[in-house]
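Protein chains in written order, with our numbering: chain A, 1 to 176; chain B, 1001 to 1176; chain C, 2001 to 2176.
Even for Gly, the Cβ is constructed at its ideal location relative to N, Cα and C.
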Amino acid sequence: MRGHHKKSLLYVTREGPSCKDRPDYLWTIRLEWFIIKVMKSLTKELWFETRKKREFINITPQVADLVRESGVQEGLCLVNAMHITASVFINDDEGGLHQDFDVWLEKLAPHEPVSAYRHNVGEDNADAHMKRQIMGREVVVAITRGELHFGPWEQIFYGEFDGQRRKRVLVKIIGE
Amino acid sequence: MRGHHKKSLLYVTREGPSCKDRPDYLWTIRLEWFIIKVMKSLTKELWFETRKKREFINITPQVADLVRESGVQEGLCLVNAMHITASVFINDDEGGLHQDFDVWLEKLAPHEPVSAYRHNVGEDNADAHMKRQIMGREVVVAITRGELHFGPWEQIFYGEFDGQRRKRVLVKIIGE
Amino acid sequence: MRGHHKKSLLYVTREGPSCKDRPDYLWTIRLEWFIIKVMKSLTKELWFETRKKREFINITPQVADLVRESGVQEGLCLVNAMHITASVFINDDEGGLHQDFDVWLEKLAPHEPVSAYRHNVGEDNADAHMKRQIMGREVVVAITRGELHFGPWEQIFYGEFDGQRRKRVLVKIIGE
Chain A
1 MRGHHKKSLL YVTREGPSCK DRPDYLWTIR LEWFIIKVMK SLTKELWFET RKKREFINIT
61 PQVADLVRES GVQEGLCLVN AMHITASVFI NDDEGGLHQD FDVWLEKLAP HEPVSAYRHN
121 VGEDNADAHM KRQIMGREVV VAITRGELHF GPWEQIFYGE FDGQRRKRVL VKIIGE
Chain B
1001 MRGHHKKSLL YVTREGPSCK DRPDYLWTIR LEWFIIKVMK SLTKELWFET RKKREFINIT
1061 PQVADLVRES GVQEGLCLVN AMHITASVFI NDDEGGLHQD FDVWLEKLAP HEPVSAYRHN
1121 VGEDNADAHM KRQIMGREVV VAITRGELHF GPWEQIFYGE FDGQRRKRVL VKIIGE
Chain C
2001 MRGHHKKSLL YVTREGPSCK DRPDYLWTIR LEWFIIKVMK SLTKELWFET RKKREFINIT
2061 PQVADLVRES GVQEGLCLVN AMHITASVFI NDDEGGLHQD FDVWLEKLAP HEPVSAYRHN
2121 VGEDNADAHM KRQIMGREVV VAITRGELHF GPWEQIFYGE FDGQRRKRVL VKIIGE
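Written as structure tokens, this is what we have:
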């Protein structure tokens, strides 16, 4: 629904003493149409538990469904990891590339030696915090005519760098 | 236009049988002003074809024009690469820095050897996907009093890492 | 305030010649309630001057206060560095991790030798521009039921890479 069409009918009833020569009467007056675009929003948390420590999951279908559910025609869709050792990013859905990403991130922010990081006191995930900074916390995607407005190969991924436990992604849609 | 001023004039015409001692009459009643801030949006794709494989293009003037065209006074402007081997980012418009970026990105994600990447089966752009992750897919810029709300040196760039073909940037503006 | 309740009272006054057998009269007609969700926005610049060249400052309390001040219940909160050698990012508020980030960024984009960068003609901050690209310019955070919608450990940081002078962060909130 692009906007909100409000039809207001005004009924004017004469309530004072009537003229002698005619009965009480009723006027029905069509006031006008108000066309108001109201702002809409939708909020949803998606849950994941990866089998591996590091994994990329294509979450485009779930996000696209939520956009349709929101009824938003023109707006913005924020998709963000709610955990600080995970990412949401947009790139190609190609398995070889995902393996390349994994090797590359491990080179830029190696998991081992775990003792090289001051954060790793009782933890071993400092590298995951860094990998997430490179890949990003969130994406904001345009919604146009009720759909995610994507380029030809854009797909949304959840990137897990310290997995094997339940974690969340937030989808927030606002628009009209 | 900050909001939408709607002037509603209500014309009440008596349609029932008239009082004998006077003709039908017309009342004109000024109902009131409705001041409603309506949400606005603008969507535009900008096209680029760089001459070089890697190139940075300052797209601030085009985006600023679209903000003015949108009429949005208070809102957000999303600018994102629609292709997964390109970036949109905000930084300084300084040629030396752009050369530094180019050298630095090549160090962090070298183009060669092309065979080092599993993605490069019939392709040679795996490094471009990585460079784009470092520089980012998108920026969201505030719109205040009808203008891009920038710090002193902020400029928006299209960053191409696998160019020499037609590619797009999406500009989506929402607000009031 | 979730929406804007507008109570419209319509006063219809008969202005034509009155019927003989009764005085002029006044009709008071309750028209109806309009429930309109209006879009709201808030814009605020936060100022910082770090004592050290590189520093991370937790700005979550200031941003949370602005969200409450805005009155926005459902919307988006953009927080961005207005300077191109600084970042706004979301990660863990853990001192050891922040030291790890500092060491790691210095490895990926070393400050010295200053002469290695073409940007450093009369400047010495090319590395700060690069560190900012890795950590990001901005975050967009969902606002749900009037609060920043965070995961369990999400905190917003201002990341300074070329400090010891006054710099700004922009907070822009839009929603209903």
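Interface annotation, V1067(B): not in contact with chain A, CB-CB separation never under 7 Å. Along the segment 2133 to 2151 of chain C, the positions whose C-beta sits under 8 Å from a C-beta of chain B are Q2133, I2134, G2136, R2137, E2138 and V2140, read in chain order.
With respect to the C-alpha of L2097(C), the residue from Q155(A), A128(A) and L42(A) having the closest C-alpha is A128(A).
Note that the C-beta distance between V1063(B) and I1134(B) is not below 7 Å. Beyond the five residues adjoining it in sequence on each side, V1141(B) comes within less than 6 Å, by CB distance, of C1077 and L1148 in the same chain, given in chain order.
For E2069(C), the number of other beta carbons within 10 angstroms of its own is below 16, and it is reported as exposed. Using a CB distance below 8 Å, the part of the segment 2063 to 2091 of chain C facing chain B consists of L2076, L2078, N2080, A2081, M2082, H2083 and I2084, ordered along the chain.
When the beta-carbon positions are compared, E55(A) and G151(A) stay at least 7 Å from each other.
Between G136(A) and F89(A), the C-beta gap is smaller than 7 Å, which places the two residues in contact. Put simply, the backbone Cα of A1086(B) is about 19 Å away from that of E2138(C). For V2103(C), no beta strand (DSSP E) segment is defined; the enclosing uninterrupted segment is the alpha helix (DSSP H) at G2095 to L2108.
E176(A) belongs to the set of residues whose beta carbon lies under 7 Å from a beta carbon in chain B. Burial of E176(A) is indicated by the presence of at least 16 other C-beta atoms within 10 angstroms of its C-beta. One thing to note: V1171(B) has its Cβ within 7 Å of the Cβ of L1066(B). No Cβ of chain C is located within less than 7 Å of the beta carbon of L1105(B). Taking a beta-carbon distance threshold of 7 Å, S2115(C) does not count as an interface residue toward chain B.
The C-beta separation of S2041(C) from I2143(C) comes to about 12 Å, leaving the pair out of contact by the 8 Å criterion. Taking a Cβ-Cβ cut-off of 8 Å, the neighbours of T43(A) in chain C comprise E2074, A2142, T2144 and H2149, given in sequence order. H2083(C) and D1093(B) have their C-alpha atoms roughly 13 Å apart.
About 5 Å separates the CB atoms of D1124(B) and V1114(B); that is less than 8 Å, so the two are in contact. Nearest CB-CB separation between M130(A) and chain B: not below the 7 Å threshold.
Taking CB atoms only, H2098(C) has no neighbour in chain B less than 7 Å away.
In the structure shown, V1141(B) falls within a strand segment according to DSSP collapsed to helix, strand and coil.
In this structure, the alpha-carbon of K1052(B) lies about 16 Å from that of R1168(B). For K2172(C), no alpha helix (DSSP H) encloses it; the enclosing beta strand (DSSP E) starts and ends at K2167 to G2175. For the pair A126(A) and H119(A), the CB atoms are nearer than the 7 Å cut-off.
Cβ atoms of R2166(C) and E2049(C) come within 8 Å of each other, at about 5 Å.
The beta-bridge partner set that DSSP reports for T2043(C) consists of K2172(C). Under the Cβ criterion of 7 Å, W2047(C) is not counted among the residues facing chain A. Close partners of E55(A) in chain B (Cβ separation under 7 Å) are lacking, with about 17 Å as the shortest Cβ gap. With 16 or more neighbouring CB atoms inside 10 Å of its own CB, N2091(C) falls in the buried class.
Judged by DSSP in its simplified three-state form, V63(A) adopts helix. Leaving aside the five residues that flank V2072(C) on each side, the residues in its chain whose CB is nearer than 6 Å to its CB run, in chain order, K2040, I2143, I2173 and G2175. Residue contact with chain B for H2119(C): present (Cβ-Cβ distance below 7 Å to some residue of chain B). The DSSP-derived three-state label of I1057(B) is strand.
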